[in-house]
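One line per chain: the protein sequences are Y and D, in this order.
Take 90 as the starting number for the first sequence in the numbering used here and just add one per residue.
Take 166 as the starting number for the second sequence in the numbering used here and just add one per residue.
Glycine included, each C-beta is placed from N, C-alpha and C at the ideal position.
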Amino acid sequence: MYAQMVKSTGTGVKSLDEMEPEERAFQEKVDADIRIEARDWMPEGYRKTLIRQIGQHAHSEIVGQLPEGNWITRAPTLERKMILLAKVQDEAGHGLYLYSAAETLGVTRDEMTEMLLSGKMKYSSIFNYPTLTWADIGAVGWLVDGAAIMNQVPLQRTSYGPYSRAMIRICKEESFHQRQGYDIMMKMAKGSEAQKRMAQDALNRFWYPSLMMFGPSDANSVHSEQSMAWKIKINSNDELRRKFVDQTVPQAEYLGLTVPDDTLAWNEEKGGYDFAEPDWDEFFDVLKGAGPANHDRLEARKTAWDDGAWVRDGLTAHAEKKRTAKVAAE
Amino acid sequence: MSKEWPLYEIFIRGQHGLSHRHVGSLHAPDAETAIKNARDVYTRRNEGVSIWVVEAAAITATAPGDKGPIFEPSESKIYRHPTFYDIPDEIGHM
Ligand SMILES: [Fe+2]
Ligand SMILES: [Fe+2]
């Protein structure tokens with residue numbers, strides 16, 4: 090999940106009887122699957138939680154461009170390079186759709202950027218892992234985009250209209266991302282011994298960080314209940330994580346690769362796999378900023394923002410000059 | 166902090182013969198740049214044959230609270246629909 094630990098400001102879930110008429114009307118709309126639009130009345134906690142969640146999701150799309158962008162100039166063929174470029178360009182678009190959705194809630198784009206750069210807002214832990222080899226680009230498309238899709242598909246039905254519409258657009262574009270990643274993995278896994286080792290190594294390094302993308306286990310997921318009542322969270326973290334494992338293990342088998350989990354076993358009774366939890370201490374460390382690439386990612390965003398300032402200002406000045414000239418000519 | 170670029174709403178005509186539809190929004194310094202950016206963001210997969218951009222601040226909208234007075238009066242005017250009228254079968258399609 091691109092939004093992993095979103096603090097909800099609601100204080101326990103109220104029943105309809107406990108609500109004031111305005112809030113009750115709002116909750117009844119949510120319960121009836123009627124979308125909430127930007128100018129409709131909404132509880133302050135709903136608005137704040139959504140800004141956090143959508144903002145975190147948007148930042149993840151943008152920061153997520155960095156580990157993949159790292160390989161654009163080094164892609165093994167011109168075709169792979171064009172595909173990767175198109176994929177990374179899509180992610181920029183996803184960031185934009187989500188920032189626009191968050192802006193309808195009364196926060197500005199620049200405010201959100203500043204909050205990312207000051208560390209006040211987070212992005213997904215997964216992008217704090219480095220992409221060391223070309224096989225990592227395959228693993229990222231296959232596993233990271235795969236996990237993102239798992240989370241984004243249900244969010245198409247989320248209660249907030251602008252968020253839901255952004256998710257629908259994004260989901261349309263995501264399946265290409267996962268398929269191009271798996272395509273790279275197939276090539277590597279069926280290639281030379283060295284390529285196969287690279288593919289296995291990429292799976293080894295990205296398996297647990299991908300499982301972490303769904304956020305902490307339900308037992309430690311304190312803010313879920315209110316978000317679920319508001320329908321800005323549709324499934325529990327563990328539910329999505331299980332679904333992801335069940336879907337991904339056969340795909341790894343097809344590649345002839347081994348999931349790095351000795352305890353992994355099919356459980357006939359529950360109709361799903363038993364699998365090991367990721368190291369949650371590592372997860373919380375990465376969220377706090379101690380992951381292998383946290384520093385580089387934020388530095389790259391800061392540099393882009395600071396070095397781009399004169400371009401943004403220059404274009405604003407140029408637009409103003411043109412506007413004044415036009416007024417003068419009238 | 167620099168001044169933020171204004172927000173533009175983007176409308177795309179998907180195919181010849183259809184109307185423009187709202188697809189999303191973006192920030193740009195002026196309308197010309199908004200069109201260029203809209204092309205890059207919203208028509209990467211053949212989604213359009215024409216783009217309109219409108220500064221979001223220039224849009225006037227109905228308020229959610231006015232929904233009743235504005236839209237409810239038409240609910241009772243069922244005679245505005247063709248199915249209100251019973252025309253005998255012998256007349257054929259009308
Ligand atoms: Fe994305
Ligand atoms: Fe993606």
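Check your understanding: Name the chain Y residues that come within less than 7 Å of D/T208, Cβ to Cβ?
Key -> Taking the first residue of the second sequence as position 1, residue 208 of chain D is located at position 43. Against chain Y, the beta carbon of D/T208 has no neighbour under 7 Å; the closest one sits roughly 11 Å away.
**Study point:** Exposed unless 16 or more other CB atoms sit within 10 angstroms - verdict on Y/P156
**Key:** On the first sequence, position 67 is the one that residue 156 of chain Y refers to. Looking at its Cβ environment, which holds 16 or more other Cβ atoms inside 10 Å, Y/P156 is buried.
Check your understanding: Which chain Y residues sit within Cβ distance under 8 Å of D/A228?
Key -> Within the second sequence, the letter at position 63 stands for residue 228 of chain D. Here the neighbours are R128.
Practice item. List the residues of chain D whose Cβ lies closer than 7 Å to the Cβ of Y/A398, in chain order. Key: As a working mapping, residue 398 of chain Y is identified with position 309 in the first sequence. Ordered by position in chain D, the residues that pass the 7 Å Cβ test against Y/A398 are S167.
Review point. Y/H463 versus chain D: which residues are under 9 Å apart at the beta carbon?
Key: This structure does not reach residue 463 of chain Y, given that chain Y is present from 90 up to 419, and the question cannot be answered.
Review point. When you compare each of Y/W130, Y/Y91, Y/E126 and Y/I125 to Y/E109 by their alpha carbons, which one comes out closest?
Key: What you label residue 109 of chain Y is simply residue 20 of the first sequence in a count that begins at 1. When only C-alpha atoms are compared, the closest one is Y/W130.
Check your understanding: Which of the three DSSP states, helix, strand or coil, is assigned to D/L173?
Key -> Here the question's residue 173 of chain D lines up with position 8 in the second sequence. Note that residue 173 of chain D is Tyr in the sequence shown here, rather than Leu. D/Y173 falls in the strand class under three-state DSSP.
Exercise for review: My understanding is that Y/L194 touches Y/R136, with C-beta atoms under 8 Å, so please give their C-beta distance in whole angstroms.
Suggested key: Position 105 of the first sequence, counted from the first residue, corresponds to residue 194 of chain Y. Position 47 of the first sequence, counted from the first residue, corresponds to residue 136 of chain Y. About 5 Å separates the beta carbons of Y/L194 and Y/R136, which is inside the 8 Å limit, making them a contact pair.
Check your understanding: What is the rounded straight-line gap between the Cα of Y/S149 and the Cα of Y/F216?
Key -> Taking the first sequence and counting its residues from 1, the one referred to as residue 149 of chain Y is at position 60. Taking the first sequence and counting its residues from 1, the one referred to as residue 216 of chain Y is at position 127. Distance between the alpha carbons of Y/S149 and Y/F216 is about 8 Å.
Point to revise | For D/E220, three-class secondary structure by DSSP | key: Position 55 of the second sequence, counted from the start, is the residue given in the question as residue 220 of chain D. The answer is strand: DSSP assigns D/E220 an E or B state.
Check your understanding: Just to confirm, are D/V206 and Y/G182 a CB contact at a threshold of 7 Å?
Key -> Here residue 206 of chain D refers to the residue found at position 41 when the second sequence is read from its first residue. Here residue 182 of chain Y refers to the residue found at position 93 when the first sequence is read from its first residue. Yes, the Cβ-Cβ distance between D/V206 and Y/G182 is below 7 Å.
Check your understanding: Which two residues bound the contiguous alpha helix (DSSP H) that contains Y/W369?
Key -> Your numbering for residue 369 of chain Y matches position 280 in the first sequence. That run of the alpha helix (DSSP H) goes W369 to D374.
Check your understanding: Are any of the Cβ atoms in chain Y nearer than 7 Å to that of D/G189?
Key -> Numbered from its first residue, the second sequence carries residue 189 of chain D at position 24. So yes, D/G189 belongs to the interface.
Check your understanding: What separation, rounded to the nearest whole angstrom, lies between the Cα atoms of D/I243 and D/A228?
Key -> The sequence position of residue 243 of chain D within the second sequence is 78, counting from 1. The sequence position of residue 228 of chain D within the second sequence is 63, counting from 1. Each residue's CA atom was taken as its position, placing D/I243 and D/A228 some 25 Å apart.
Check your understanding: What are the residues that DSSP puts in a beta bridge with Y/D363?
Key -> For the purposes of this step, residue 363 of chain Y is taken as residue 274 along the first sequence, with counting starting at 1. The secondary-structure analysis by DSSP pairs Y/D363 across a beta bridge with Y/A354.
Practice item. Identify the continuous beta strand (DSSP E) that holds Y/L346 and give its terminal residues. Key: Numbered from 1 along the first sequence, position 257 holds the residue referred to as residue 346 of chain Y. In the DSSP annotation of this structure, Y/L346 is not part of any beta strand (DSSP E), being labelled neither H nor E.
Check your understanding: Helix, strand or coil for Y/V196 per DSSP?
Key -> The residue labelled residue 196 of chain Y in the question sits at position 107 within the first sequence. Y/V196: coil per DSSP, three-state reduction.
Practice item. Check Y/L205 in the structure and name its three-state DSSP category. Key: In the first sequence, residue 205 of chain Y corresponds to position 116, counting from 1. For Y/L205, the three-state secondary structure derived from DSSP is helix.
**Study point:** Reduced DSSP category for Y/G397 - H, G, I as helix; E, B as strand; rest coil
**Key:** By 1-based counting over the first sequence, the position of residue 397 of chain Y is 308. Reduced to three states, the DSSP call for Y/G397 is coil.
Practice item. Please report how far the alpha carbon of Y/K176 lies from the alpha carbon of Y/K279, in whole angstroms. Key: In the first sequence, counting from the first residue as 1, residue 176 of chain Y sits at position 87. In the first sequence, counting from the first residue as 1, residue 279 of chain Y sits at position 190. Distance between the alpha carbons of Y/K176 and Y/K279 is about 23 Å.
Practice item. Return the residue from the list D/D251, D/A226, D/E220 and D/F176 that minimises the CA-CA distance to D/A196. Key: Along the second sequence, read from residue 1 onward, the residue named residue 196 of chain D stands at position 31. Residue D/E220 is the option with its Cα nearest to D/A196.
Check your understanding: When the Cα atoms are used, what is the spatial distance from Y/L232 to Y/L206?
Key -> What you label residue 232 of chain Y is simply residue 143 of the first sequence in a count that begins at 1. What you label residue 206 of chain Y is simply residue 117 of the first sequence in a count that begins at 1. Spanning the two alpha carbons is a distance of roughly 27 Å.
Review point. Y/H148 by DSSP, collapsed to three states: which one?
Key: On the first sequence, residue 148 of chain Y is found 59 positions in, with the first residue counted as 1. Look at Y/H148 here: in three-state DSSP terms it is helix.
Point to revise | Residue closest to D/I216, alpha-carbon to alpha-carbon, out of D/S167, D/A203, D/L183 and D/T248 | key: Mapped onto the second sequence, residue 216 of chain D falls at position 51. For the residues D/S167, D/A203, D/L183 and D/T248, the minimum Cα distance to D/I216 belongs to D/A203.
Exercise for review: For Y/G380, I'd like the list of residues in its chain whose CB is within less than 6 Å of its CB, leaving aside the five on either flank, ordered along the chain.
Suggested key: By 1-based counting over the first sequence, the position of residue 380 of chain Y is 291. So the list reads N217, once near-sequence residues are dropped.
Review point. Can you find a CB in chain D that lies within less than 7 Å of the CB of Y/L404?
Key: By 1-based counting over the first sequence, the position of residue 404 of chain Y is 315. Yes - at least one Cβ of chain D is within 7 Å of the one on Y/L404.
Exercise for review: Please determine, among Y/A191, Y/A354 and Y/M277, the residue with the shortest C-alpha to C-alpha distance to Y/A255.
Suggested key: Sequence index remark: in the first sequence, residue 255 of chain Y carries index 166 (1-based). The option with the nearest alpha carbon to Y/A255 is Y/A191.
Practice item. Find the nearest neighbour of Y/Y91 within the set Y/K103, Y/L167, Y/I259 and Y/G227, judged by alpha-carbon distance. Key: Position 2 of the first sequence, counted from the first residue, corresponds to residue 91 of chain Y. Taking only the C-alpha atoms, the option nearest Y/Y91 is Y/I259.
Practice item. Taking D/H187 as part of the beta strand (DSSP E), name the residues at either end of that continuous run. Key: Working through the second sequence from its first residue, we reach residue 187 of chain D at position 22. D/H187 -> beta strand (DSSP E) spans H185 to H192.
Check your understanding: With 7 Å set as the bound, which would you pick, yes or no: does the beta-carbon of D/D231 sit closer than that to a beta-carbon of chain Y?
Key -> Residue mapping note: residue 231 of chain D aligns to position 66 of the second sequence, counting from 1. No, no contact with chain Y.
Exercise for review: Indicate whether at least one CB of chain Y lies closer than 7 Å to the CB of D/P263.
Suggested key: A query on residue 263 of chain D cannot be resolved here, the shown segment of chain D reaching from 166 to 259 and no further.
**Study point:** Under the three-state DSSP convention, the category Y/S316 falls into
**Key:** Locating residue 316 of chain Y in the first sequence gives position 227, counting from the first residue. DSSP places Y/S316 in helix when its eight states are reduced to three.
Point to revise | Collapsed DSSP secondary structure at D/R210 in the structure displayed | key: One-based indexing of the second sequence puts residue 210 of chain D at position 45. Residue state, collapsed to three classes: coil.
Exercise for review: Enumerate in chain order the residues of its own chain whose CB-to-CB distance from Y/K391 is below 7 Å, with the five nearest sequence positions on each side excluded.
Suggested key: In the first sequence, residue 391 of chain Y corresponds to position 302, counting from 1. If the five residues before and after Y/K391 are omitted, its C-beta is found closer than 7 Å to the C-beta atoms of L206, all from its own chain and listed in chain order.
Check your understanding: Looking only at its own chain, which residues have a Cβ that is under 8 Å from the Cβ of Y/M275, when we skip the five neighbours before and after it?
Key -> Position 186 of the first sequence, counted from the start, is the residue given in the question as residue 275 of chain Y. Excluding sequence positions up to five before and after Y/M275, its CB lies within less than 8 Å of the CB of L344, all in the same chain and listed in chain order.
Point to revise | Y/R390 at chain D interface by Cβ criterion, 7 Å | key: Taking the first residue of the first sequence as 1, we reach residue 390 of chain Y at position 301. For Y/R390, no Cβ of chain D is located within less than 7 Å of the residue's own Cβ.
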